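Novice:
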Amino acid sequence: MDIAVVKFLGTNCDEDVCHSIKLAGGNPQTVWFTKRDLSVFDGAVIPGGFSYGDYLRAGAISSKTPIIEGLKKMIDMGKPVLGICNGAQIGLEAGFSKGVLTNNINWKFTCKWVYLKVVNNKTPFTKYYKKGEVLKMPVAHGEGRFYIDEEGLQEMYKRKMIVFKYCDQDGEITEGANPNGSIDNIAGVCNENRNCVLLMPHPERASEKILGSDDGLLMFKSMLSSIG
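Written out as structure tokens, the structure is:
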């Protein structure tokens, strides 16, 4: 299974993502942002980093590059597309799902381990998890606060577009477990068809126990198992 790992100027997590995909049994191929046609790939991952230095706002410039056309076609075809951290910012700027990611509530860059609760396990990336399962992954961002107005939020709940929430070690959704002030502790969302997931935590940095957690590896294994 060939997975496109999208690279922009300023992407810095592509090698980590490639490593995780290989661990999961896939064949990652780095693809630059200038490529429009992604039809030969079975899925795609947009990694983290600071594409274009986060100028204007995180993901804004990258969302206007040629490869977005190819990613949109993949999503429309039902292929799995995952956006991680800066990849999630790019995905929301490109309209892959609803809502926005803005400055952390404390206006500081936050780098720490967090816990996530699986809210929706009916996506290509979460089907190997149990609903309500608690995962341990790191975050590293300055613009990770998810926001959407109340009407939009209720629409997302209705269409089951909320995938992950920040929680404590016991799975409780608390204000103290929220690292950035995201509305309703939202850490990850999906599109209406649920084949595109965008999240701020880094599953590729939690793919081996030696790193502190291997909870993220199942996300890539789940992705690969959904192809075919």
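So for the sequence shown, the working numbering puts the first residue at 21; every next one is plus one.
Quick reminder that beta carbons are idealized off the backbone N, C-alpha and C, glycines included.
Every value quoted in this text rests on a predicted model; they were computed, and no experiment measured them.
#1: Which of the three DSSP states is assigned to M181 in this structure?
#2: Would you kindly work out how many angstroms separate the C-alpha atoms of G30 and L218, rounded to a whole number?
#3: So, with DSSP's three-state summary, where would you put L76?
#4: Helix, strand or coil for G111 per DSSP?
#5: Looking at the C-beta of I193, does it have a partner C-beta in chain D at a distance below 8 Å?
#6: Which residue spans inside the region 125 to 198 form an unbroken alpha helix (DSSP H) run of at least 4?
#7: With three or more beta-carbon pairs closer than 8 Å as the criterion, would you say the region 168 to 175 touches the region 115 to 123?
#8: Which parts of the region 45 to 103 are runs of the beta strand (DSSP E), unbroken and 3 residues or longer, counting only runs that do not cross its ends?
#9: Can you grab the Cα-Cα spacing for the pair S59 / G90, in whole Å?
#10: If you draw a straight line from the alpha carbon of G111 to that of N211, how long is it in whole angstroms?
#11: In whole angstroms, what is the alpha-carbon distance linking G152 and W127?
#12: Taking the alpha carbon of S250 as the reference point, which residue from K241, A64, I95 and P221 has its own alpha carbon closest?
#13: Under 8 Å by Cβ, that's how I've got I23 and F61 pegged, so tell me the actual separation to the nearest angstrom.
#14: Can you have a look at C131 and say buried or exposed, based on whether 16 or more other CB atoms are within 10 angstroms of its CB?
#15: Since L121 sits in a beta bridge, which residues does DSSP pair it with?
#16: Compare the beta carbon distance of N200 and I104 with 8 Å and say whether it is the shorter of the two.
Specialist: Considering the structure as presented:
#1: coil
#2: It is roughly 19 Å from the alpha-carbon of G30 to the alpha-carbon of L218.
#3: coil
#4: helix
#5: Looking at the structure shown, chain D is missing, and only one protein chain is on hand.
#6: 170 to 178
#7: yes
#8: 47 to 52 and 63 to 66
#9: 8 Å
#10: 10 Å
#11: Distance from the CA of G152 to the CA of W127, rounded to the nearest whole angstrom, comes to 30 Å.
#12: Missing from the structure shown is residue 250; the chain here goes from 21 to 248 and no further.
#13: 6 Å
#14: exposed
#15: Here L121 is bridged, per DSSP, to F166.
#16: Taking a C-beta distance under 8 Å as the contact criterion, N200 and I104 do not qualify as a contact pair.
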